[in-house]
Amino acid sequence: MAEKTYRYIITLILPDRIGILKDITTAVADAAGNIDAISQTILADYFTVTLTSSFEKKQDKELLKQTICDSFTKDVASVIVLEHNASSIKKANTRVERYIVTLIGRDSPGIIKAITTYFAAKNVNIEDWSIKYEKAQVIHIGEVTIPSQLDLKQIQAEFAAAISQFELKGTIQNEIIFRVTNEVGSIRNFIT
Amino acid sequence: MIRQTEILSTVRMLQDENLDVRTVTMGINLLDCADSDIKNTAVKVKAKIMLKAGNLVRTCEELSTKYGINVVNKRLSVSPASNLLEGKTKSDALVLAHALDDAAAAVGIDLIGGFSALVQKGITPGERVLMESLPEVLSNTQRLCSSINVATTKAGINVDAVKIVGDIIKKTANATSSDLGFGAAKLVVFANIPEDSPFMAGAYTGSGEPDCVINVGVSGPGVVKRAIDRLLEKYPDSSLDEIAEEVKHTAFRVTRTGELIGREVAERLGVQFGVVDLSLAPTPKVGDSIGEIYQAMGIKNIGAPGTTAAVALLNDAVKKGGAFASSSVGGLSGAFIPVMEDHALAQAVENGYLTLEKLEAMTAVCSVGLDMILLPGDIQAETICGIILDEAAIGVSSRKTTGIRVIPVPGKKHGEYVDFGGLFGSGTIMAPNCMDGSEIFVNRGGHIPAPIQSLTN
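From first to last, the protein sequence lines are chains A and B. Numbered by numbering that gives the first Met the number 0, the letters in the first sequence go through residues 0 to 191 in order. Numbered by numbering that gives the first Met the number 0, the letters in the second sequence go through residues 0 to 456 in order.
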């Protein structure tokens, strides 16, 4: 790649079928883009992918979007193309630690709202959140980053208070406990 | 990236299956506290314990919050107190004992081990002072625990020391008769005592250990039991080797949690990390029982033929899983069978299925020995000595640790029920099938030579 490149964020949502990833990567590669990150999932039978692609030349976003849409003419697809603008990304300049949040219990409206409202007020960044159902229970699993200067015990107590209106058991635990109990390797590598 | 199933399985172990760190035990060498005046020794002992362990409880609690793991006990073990009692008297021993007890209280510790002596080959004057002071010491302190090593595979069994200890156990129980002989529950007699075990009452800091060290004891019988239950729900016809495999995998995960906590506590306190002792140590709580594991395997009545094999399977699988998980596995690591502290074992004794003789067989393949056994108050000291000699012989010949923690309950008889409360649990008083007949053998004293190391069939 050339020294100066132009990076774009491309998101595609459409009903799942075999070959979607092949179609979008072909479209981007044919447009001379180099795909450098992909995150993909299937949610309620809808295929969702977000990828970043770098180009040697500046792209017309609408043209790029149309090129991708042309690969999905038989599908009801939604495509978004954004220019990656590093200067617009606001990153907190504080040290953070990664935690896993779990909630298990009875499903009811308002759970996510209560949690996200509390976390946003505390500058806790939710990086990933997923919900699934097992038997009659709802299970939430989230990955969050918590500023190191916050009192974790207080966060856990306030979190418990925030979900106390629901019939849920909640935990906030440092992610290292999940790694050491599931991955092989020296413990020292996890804690340093 | 951590998979959701892995996250949920770890949460389940911690939330529903009683996985915890049973103890974080700081080992402290007290040899540099020796002084010709016991009062000065006592001052130095307190100061060193305060210096080293002052932040132990707080640090454990911070990590408990961070990882969502309950660190149940924070404890101390010290180098053998007998080393500080050479040239001293029994009253000096009491001064030292109070200093240790007070220091433990000051740093928020519930038990401190190491009021100990290693007498497998002979007894020094200081060791004799320590042993003879035990009835008074254990009846006048709250937190102090004692251990006496009477045998090793290399040295054989010191029968003279066993004779003294048998007598001391009786005297200690009698000195604490108002507490049902509870003082004896704080005294363990060992063969092949480990230098780094974090578990009480037998923890002490051996001469091969650093000046200060963190050893961790992880438990988790509930986790192992539920893992077997899940396997059998999915595959009801699972064979014993498949059960062993499941135990091994579970032991891996349990060990890792202990090492994580231990290493981070050590790092934060600026001391060396020692070992993680993966011992399936039960509590009287339902769902936290070793006996329930044997029942899950298919031993309906604990004590029935096959029970010893079940113990052997479990003990070996736990060690294998632990050894794969960490290079720092030590202590006792295996399956404890403390009768009073395990409701299923205590029930088996009450039902008459689990006898002292069967327990002795089980100790040949478990990780410790006869632990928390209630005996009739009128049992002869020589009979206690005989029990100790039998256990020591198993340990010495099998090249393993065996411990004996027996409590002759003053005024109580075979079959009566005793409740110590809390972690020490409750149970029925047991007795050997034959209550006497070993006096002449025991009273010969001397030494049972170390076993031959070849011709091993």
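Beta carbons: idealized from backbone N, C-alpha and C, even for Gly. Keep in mind the model is a prediction, meaning the values are calculated, not measured.
- DSSP lists Asn157/B as the bridge partner or partners of His446/B.
- Between the alpha carbons of Ala46/B and Gly269/B lies a distance of about 18 Å.
- Taking 8 Å as the CB threshold, Gln155/A lines the interface with chain B.
- Counting only Cβ-Cβ distances below 7 Å, Val10/B has contacts in chain A at Thr101 and Thr170, in chain order.
- The shortest C-alpha to C-alpha distance from Gly107/B to any of Phe181/B, Phe114/B and Leu99/B is the one to Leu99/B.
- For secondary structure counted as the beta strand (DSSP E) over 3 or more consecutive residues, the segment 102-141 of chain B holds these complete runs in sequence order: 111-117.
- Boundaries of the alpha helix (DSSP H) around Ser63/B: Leu55 to Tyr66.
- In this chain, the beta strand (DSSP E) harbouring His139/A covers Gln136 to Pro146.
- For Ala102/B, the CB contacts under 6 Å within the same chain, skipping 5 residues up- and downstream, are Lys45 and Ile48 in chain order.
- Counted as a single uninterrupted DSSP element, the beta strand (DSSP E) harbouring Phe189/B occupies residues Leu186 to Ala190.
- Residue contact check for Ile130/A against chain B: no CB pair falls below 8 Å.
- Neighbours of Gln294/B in chain A, taken as residues whose beta carbon is under 9 Å from its own, are absent, since the nearest beta carbon is some 26 Å off.
- The shortest C-alpha to C-alpha distance from Glu359/B to any of Gly351/B, Gly329/B, Glu349/B and Thr307/B is the one to Thr307/B.
- A Cβ-Cβ separation of about 12 Å leaves Gly333/B out of contact with Ser397/B under the 8 Å criterion.
- DSSP places Gln271/B outside any alpha helix (DSSP H); the residue lies instead in the beta strand (DSSP E), whose first and last residues are Gln271 to Leu279.
- Going by beta carbons, Cys384/B and Lys162/B fall inside the 8 Å limit.
- Distance from Asp341/B to Pro281/B at the Cβ level is roughly 4 Å; contact confirmed, criterion being Cβ atoms closer than 8 Å.
- Straight-line measurement puts the Cα of Thr180/A at about 16 Å from the Cα of Ser327/B.
- Burial check for Asp36/B: the Cβ neighbour count within 10 Å stays below 16, so the residue is exposed.
- The alpha carbon of Glu381/B has as its nearest neighbour, out of Ser81/B, Val94/B and Val158/B, the alpha carbon of Val158/B.
- A distance of 8 Å or more separates the beta carbons of Leu179/B and Leu129/B.
- At least one CB of chain B lies nearer than 8 Å to the CB of Leu151/A.
- Against chain A, a Cβ distance below 8 Å from Ile1/B picks out Ile99, Glu174, Phe177, Arg178 and Asn181.
- In terms of Cα proximity to Gln155/A, the closest of Asp69/A, Lys60/A and Gln172/A is Gln172/A.
- Neighbourhood of Glu16/B in chain A, by CB distance below 7 Å: empty, with the nearest CB roughly 13 Å away.
- Inclusion of Ile103/A and Lys168/A in the CB contact set at 8 Å is warranted, their separation being smaller than that value.
- The beta carbon of Arg94/A does not come within 8 Å of any beta carbon belonging to chain B, so the residue lies off that interface.
- Runs of beta strand (DSSP E) with 3 or more residues, each lying fully within the segment 59-89 of chain A, are found at 77-82, listed in chain order.
- Scanning chain B for C-beta atoms nearer than 8 Å to the C-beta of Ile114/A yields nothing, as the closest lies near 16 Å away.
- Thr47/A has Ile12/A and Thr40/A as its beta-bridge partners, per DSSP.
- In the structure shown, Cys384/B adopts helical secondary structure according to DSSP, grouped into three states.
- Contact annotation: in the segment 62-75 of chain B, residues whose CB is within less than 8 Å of a CB in chain A are Thr64, Lys65, Tyr66, Gly67 and Ile68.
- Nearest C-alpha to Glu258/B among Thr151/B, Ser90/B and Ala322/B: Ala322/B.
- Taking a 10 Å sphere around the C-beta of Gln119/B, we find 16 or more other C-beta atoms and assign the residue as buried.
- By the C-beta criterion, the segment 108-116 of chain B is judged to be in contact with the segment 75-83 of chain B, since at least 3 inter-stretch pairs fall below 8 Å.
- In terms of Cβ geometry, Ile99/A and Glu174/A form a close pair [threshold 8 Å].
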